[in-house]
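In what follows, a single structure is set out as structure tokens and then discussed.
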Ligand code: CO
């Protein structure tokens with residue numbers, strides 16, 4: 001495996017901590033308006049709705065959360081049609097959001113360490129998790145679902161973003177059942193598009209349930225498997241024949257969580273001497289679950305996977321260690337130089353010999369990989385990522401990176417010093433024949449204006465910058481994941 005050296009001489013940072021931190025400030029207000037501040041032109045062929053989820057609050061009535069991942073889910077939507085754009089945002093009315101907004105204080109402990117006021121005594125033995133619905137939002141089978149991996153989805157009205165309630169997927173889930181926040185969309189399986197997702201229950205051993213849904217939302221297929229040991233699995237990848245997971249070499253010590261000192265995610269311990277396991281489950285539910293050991297690393301997100309000549313190729317964003325916030329008082333004090341950076345790795349698994357080759361493909365810190373949805377599970381050429389401005393070291397995601405997986409060439413556009421990005425979304429141009437013929441949509445926090453923008457790039461050449469920038473009237477705190485649907489869920493625009 002290639003190794004990359006940590007640079008010793010630090011160049012001047014491309015951002016200030018103050019600017020970066022401001023992008024996390026709560027946005028308690030809910031808006032609905034036509035975006036009238038647009039730089040450039042929205043392509044008229046770009047029609048549909050962009051949804052995005054993320055923590056909308058990083059405090060509860062002034063009580064600061066220790067980690068933004070504990071923040072209540074807030075959905076933003078931009079509906080695009082005929083070059084016009086309508087923005088709206090709403091909090092998911094979870095039980096916890098309603099209770100805490102009514103009482104004006106934290107009533108639950110956060111998975112990432114936010115504690116209720118009152119010290120450890122108030123937190124000890126309170127194992128209730130708050131379903132914060134803040135990780136992803138997808139439209140499938142006529143339903144808009146806000147997802148959070150440790151509990152059931154919330155269903156929303158796609159036109160108004162109003163919360164309709166918890167959704168048990170037509171009885172598939174029971175009360176409190178988890179449903180992962182990273183469904184994969186297979187462009188073609190048995191003649192139809194499929195949504196594939198998993199649900200994991202973990203402890204001393206783990207159970208992974210897999211579900212496949214037809215386009216009308218009905219269940220096409222379901223199976224369940226046991227995996228030895230604790231498993232922290234945030235995301236997975238699919239190919240036509242397999243579901244692919246990475247079992248990170250971590251263990252879970254529940255005592256500080258039960259005793260009230262720490263949040264559950266803070267009790268995860270990385271074991272650098274143990275191998276990471278690539279877990280391969282046949283999608284048809286038949287045959288054994290297979291495990292392939294590889295280099296120790298920690299993975300949240302996968303870019304893609306595909307099968308080629310008896311090999312399984314898996315492209316993932318890997319950290320050398322579990323990127324915990326350690327003993328920092330809260331997330332805003334995190335020292336980026338001391339948190340492991342994430343890089344793109346390619347695992348090539350020889351399914352017959354069980355040999356796994358690892359190649360580190362980027363030196364620049366990156367996260368939130370995206371590809372053309374038509375290439376999910378297939379060989380692909382172009383990968384798009386949120387990336388650091390600097391070519392080495394760790395820093396917030398200020399840039400957009402496009403990588404040609406065939407030639408290794410890259411394109412970069414950066415919003416530094418005062419812009420901060422995240423997950424890009426690829427939308428194909430209607431009738432496109434080339435894989436990168438389409439647009440990249442990127443939510444940017446502009447620290448100079450303390451406002452958020454949606455930037456639209458021509459995916460074939462990102463270096464020239466956005467072809468359109470939709471300037472919102474306010475800040476939207478950094479989000480996690482989002483999706484695009486060709487359905488237009490905005491109001492009709494009155495011709496002026
Ligand atoms: Co994620």
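Residue numbers (full-length UniProt numbering): 1 to 496.
Every residue gets a Cβ at the ideal spot worked out from N, C-alpha and C, and that includes glycine.
Could you spell out where the beta strand (DSSP E) holding residue 40 opens and where it closes?
Counted from its first residue, the chain shown places residue 40 at position 40. 38-40 is the span of the beta strand (DSSP E), which, as asked, contains residue 40.
So which of 269, 315, 225 and 294 has the shortest CA-CA distance to residue 281?
For the purposes of this step, residue 281 is identified with residue 281 of the chain shown, where counting begins at 1. Here the closest residue by C-alpha is 225.
Put residue 70 into one of helix, strand or coil per three-state DSSP.
Walking along the chain shown from the start, residue 70 turns up at place 70. Three-state DSSP puts residue 70 in a helix.
Can you say whether residue 433 is buried or exposed, counting buried as having 16 or more other CB atoms within 10 angstroms of its CB?
The residue labelled residue 433 in the question sits at position 433 within the chain shown. Exposed, since its Cβ has fewer than 16 Cβ neighbours within 10 Å.
At the level of alpha carbons, what is the spacing between residue 371 and residue 26?
Translated into positions along the chain shown, residue 371 becomes position 371. Translated into positions along the chain shown, residue 26 becomes position 26. Computed Cα separation, rounded: 30 Å.
Give me the Cα-Cα distance between residue 220 and residue 213, rounded to the nearest whole angstrom.
As a first step, residue 220 must be located in the chain shown, where it is residue number 220. As a first step, residue 213 must be located in the chain shown, where it is residue number 213. C-alpha separation (whole angstroms): 5 Å.
Taking 6 Å as the limit between beta carbons, can you name the residues of its chain near residue 313, skipping five residues before and five after?
Here residue 313 is taken as the residue at index 313 of the chain shown, counted from 1. Excluding positions up to five away in sequence, the list reads 306 and 348.
When DSSP labels each residue in this structure, what does residue 496 get in the three-state scheme?
Within the chain shown, the letter at position 496 stands for residue 496. Annotation note: pLDDT 49 at residue 496 (below 50); position unreliable, coordinate value reported separately. The answer is coil: DSSP assigns residue 496 none of H, G, I, E or B.
Compute the distance between the beta-carbons of residue 440 and residue 426, then report whether it is under 8 Å.
Position 440 of the chain shown, counting from 1, holds the residue named residue 440. Position 426 of the chain shown, counting from 1, holds the residue named residue 426. Yes, Cβ-Cβ distance for residue 440 and residue 426 is below 8 Å.
I want to know whether the stretch 103-114 touches the stretch 76-87 - three or more CB-CB distances under 8 Å.
Segments in contact, no.
Would you say residue 363 and residue 342 are within 8 Å of each other, going by their C-beta atoms?
Within the chain shown, numbered from 1, the residue matching residue 363 stands at position 363. Within the chain shown, numbered from 1, the residue matching residue 342 stands at position 342. No. Outside cutoff.
Report the residue from 21, 16, 133 and 145 whose alpha carbon sits nearest the alpha carbon of residue 485.
By one-based count along the chain shown, residue 485 stands at place 485. Among 21, 16, 133 and 145, the Cα nearest to that of residue 485 is on 145.
In the DSSP assignment, the beta strand (DSSP E) including residue 95 goes from what residue to what residue?
As a working mapping, residue 95 is identified with position 95 in the chain shown. Per DSSP, residue 95 belongs to no beta strand (DSSP E); it is in the alpha helix (DSSP H), 95-103.
With distances taken Cα to Cα, identify the nearest neighbour of residue 400 among 460, 350, 380 and 351.
The residue given as residue 400 occupies position 400 in the chain shown. Among 460, 350, 380 and 351, the Cα nearest to that of residue 400 belongs to 460.
Below 8 Å between beta carbons: does that hold for residue 236 and residue 277?
In the chain shown, counting from the first residue as 1, residue 236 sits at position 236. In the chain shown, counting from the first residue as 1, residue 277 sits at position 277. No, Cβ-Cβ distance for residue 236 and residue 277 is not below 8 Å.
Is it the case that the stretch 18-37 contacts the stretch 468-482, given that we only count it when at least three CB pairs across the two stretches are under 8 Å?
With a cut-off of 8 Å, the stretch 18-37 and the stretch 468-482 count as touching, because enough Cβ pairs lie within range.
With H, G and I counted as helix, E and B as strand and the rest as coil, what does DSSP make of residue 266?
Translated into the one-based positions of the chain shown, residue 266 becomes position 266. Three-state result, residue 266: helix.
Taking all protein chains shown into account, do 16 or more other C-beta atoms lie within 10 angstroms of the C-beta of residue 206, making it buried, or fewer, making it exposed?
In the chain shown, residue 206 corresponds to position 206, counting from 1. The residue is buried, with at least 16 neighbouring Cβ atoms inside 10 Å.
Is residue 425 close to the ligand CO? I mean its beta-carbon at under 7 Å from any heavy atom of the ligand.
One-based indexing of the chain shown puts residue 425 at position 425. No; taking the cut-off as 7 Å, the Cβ of residue 425 has no heavy atom of the ligand CO nearer than that.
Is the beta carbon of residue 89 sitting closer than 8 Å to the one on residue 358?
By one-based count along the chain shown, residue 89 stands at place 89. By one-based count along the chain shown, residue 358 stands at place 358. Not in contact: residue 89 and residue 358 (Cβ atoms no closer than 8 Å).
Whole angstroms is fine: what's the gap from residue 113's alpha carbon to residue 129's?
In the chain shown, residue 113 corresponds to position 113, counting from 1. In the chain shown, residue 129 corresponds to position 129, counting from 1. About 12 Å.
Taking buried to mean at least 16 other C-beta atoms within 10 Å of its own C-beta, is residue 496 buried or exposed?
On the chain shown, position 496 is the one that residue 496 refers to. Confidence in residue 496 is poor, its pLDDT being 49 and thus under 50, which makes the residue's placement unreliable; the coordinate value appears in the next sentence. The residue is exposed, with fewer than 16 neighbouring Cβ atoms inside 10 Å.
Cβ of residue 459 within 7 Å of any heavy atom in the ligand CO?
By 1-based counting over the chain shown, the position of residue 459 is 459. No, since every heavy atom of the ligand CO falls outside the 7 Å radius drawn around the Cβ of residue 459.
Can you find a heavy atom of the ligand GDP that lies under 7 Å from the Cβ of residue 322?
No copy of the ligand GDP occurs in the structure displayed; its ligands are the ligand CO alone.
From which residue to which residue does the alpha helix (DSSP H) around residue 20 run?
Taking the first residue of the chain shown as position 1, residue 20 is located at position 20. That run of the alpha helix (DSSP H) goes 17-22.
Within 10 angstroms of its Cβ, does residue 6 collect 16 or more other Cβ (buried), or is it exposed?
Taking the first residue of the chain shown as position 1, residue 6 is located at position 6. Because residue 6 sits at a pLDDT of 43, beneath the cut-off of 50, its placement in the model cannot be relied upon, and the following sentence gives the value as read from the coordinates. It is exposed - the Cβ of residue 6 has fewer than 16 other Cβ atoms within 10 Å.
Tell me the rounded alpha-carbon separation between residue 2 and residue 415.
The sequence position of residue 2 within the chain shown is 2, counting from 1. The sequence position of residue 415 within the chain shown is 415, counting from 1. Any answer about residue 2 is weak, because its pLDDT of 39 lies below 50 and its placement is not dependable; what the coordinates show is given next. Each residue's alpha carbon lies about 30 Å from the other.
Among 420, 478 and 178, which has the Cα closest to the Cα of residue 53?
Here residue 53 corresponds to residue number 53 of the chain shown, with the count starting at 1. It is 478.
Count the other CB atoms, across all protein chains shown, that sit within 10 Å of the CB of residue 201; report buried if there are 16 or more and exposed otherwise.
In the chain shown, residue 201 corresponds to position 201, counting from 1. Exposed.
Below 7 Å, is the gap between the Cβ of residue 154 and the nearest heavy atom of the ligand CO?
Reading the chain shown from its first residue, position 154 is the one you call residue 154. No, Cβ of residue 154 sits at least 7 Å from all heavy atoms of the ligand CO.
Which ranges does the beta strand (DSSP E) cover as unbroken runs of at least 3 residues, wholly within the stretch 431-493, from first to last along the chain?
List check, beta strand (DSSP E) in window: 438-446, 451-458, 468-471 and 482-485.
In angstroms with no decimal places, state the Cα-to-Cα distance between residue 536 and residue 429.
Residue coverage of the chain in this structure runs from 1 to 496, which leaves residue 536 outside it and unanswerable.
Mind checking whether the beta-carbon of residue 145 lies closer than 7 Å to any heavy atom of the ligand CO?
The sequence position of residue 145 within the chain shown is 145, counting from 1. False, no ligand heavy atom lies under 7 Å from that Cβ.
Under the criterion of a Cβ to heavy atom distance below 7 Å, does residue 291 qualify as lining the ligand CO?
Taking the chain shown and counting its residues from 1, the one referred to as residue 291 is at position 291. No, since every heavy atom of the ligand CO falls outside the 7 Å radius drawn around the Cβ of residue 291.
Would you identify the three-state DSSP class for residue 53, choosing helix, strand or coil?
Sequence index remark: in the chain shown, residue 53 carries index 53 (1-based). It is a strand residue.
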